[in-house]
Amino acid sequence: MIAVGDTVPDVTLKAVTPEGTQDVSTATLLGTGKVVLFGVPAAFSPTCNDFHLPGFVMRAEELAAKGTDRVVCVSVNDVFVMEAWGRSLHADGIVMLADHVAAFTKAMGLDMDATDFGLGVRSQRYAAVLQDGVVQSIEVEGSPVDHEVSSADAVLTRL
């Protein structure tokens, strides 16, 4: 699993941007400035939809005030789901990153088998603070339904 001091892996994924969807290199997107990166198991799932992403939407200005250049949400979903999810929660200031085959999630060592829940391979729930692509802090939840150490409030205490 990726750890403090490691550089995030370079994988090409799809990002939802104001200009539409586009291919992005994670090294480029996450490799410049201060970035808050959080991973969720599934868009539109109860914990992700009711608590995790909304917390980052509500705290976006506070994160920016603490020097964050961008906030990125990654999930093992397709780009169309990520776009619809971001739109449904008004996540305009958050980059919604689609890891459709879990390539980035696996490279980070943060994948989990959610087959018992009907989901297949998914991301563990986590939040990391990156500086120029290097992990400054990372917290991974013990269970997919937990959202304490990876919440926006928890991240604000680490900035």
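With the working numbering applied, the sequence shown corresponds to residues 15 to 173, in that order. Cβ coordinates follow ideal geometry from the N, Cα and C atoms, glycine included.
Would you give the residue range spanned by the alpha helix (DSSP H) that residue i belongs to?
i    : result
A117 : 117-122
A112 : Careful: A112 lies outside any alpha helix (DSSP H), inside the beta strand (DSSP E) at 108-112.
T82  : Unbroken run through T82: none, as it is neither H nor E.
D92  : No alpha helix (DSSP H) contains D92, which DSSP labels as neither H nor E.
T171 : 166-172
Could you give the DSSP three-state label for residue i: helix, strand or coil?
i    : result
T21  : strand
S39  : strand
M15  : coil
S102 : helix
F65  : helix
A78  : helix
T46  : coil
E153 : strand
If I follow the unbroken beta strand (DSSP E) through residue i, where does it start and stop?
i    : result
D136 : In the sequence under discussion, the amino acid at residue 136 is Arg, which differs from the Asp named in the question. Taken as a continuous stretch (DSSP letters only), the beta strand (DSSP E) holding R136 covers 135-137.
D160 : Note, D160: premise wrong, no beta strand (DSSP E); not H, not E.
D146 : No beta strand (DSSP E) holds D146; DSSP gives it neither H nor E.
D127 : 125-127
A57  : From DSSP, A57 is part of no beta strand (DSSP E); its letter is neither H nor E.
Determine, using beta carbons only, whether residue i and residue j come nearer to each other than 8 Å.
i    : j    : result
Q150 : V22  : no
E155 : V148 : no
D113 : V88  : yes
G81  : Q138 : no
A57  : V115 : no
* Asked: Does the segment 98-107 touch the segment 115-125, meaning 3 or more C-beta pairs lie closer than 8 Å?
  -> With a cut-off of 8 Å on Cβ pairs, the segment 115-125 is not in contact with the segment 98-107, counting fewer than three such pairs.
* Asked: How do the segment 121-135 and the segment 65-74 stand: do at least 3 beta-carbon pairs fall below 8 Å, yes or no?
  -> Contact fails: fewer than three Cβ-Cβ distances are below 8 Å.
* If you pair each beta-carbon of the segment 124-132 with each one of the segment 42-50, do three or more pairs fall below 8 Å? -> Segments in contact, no.
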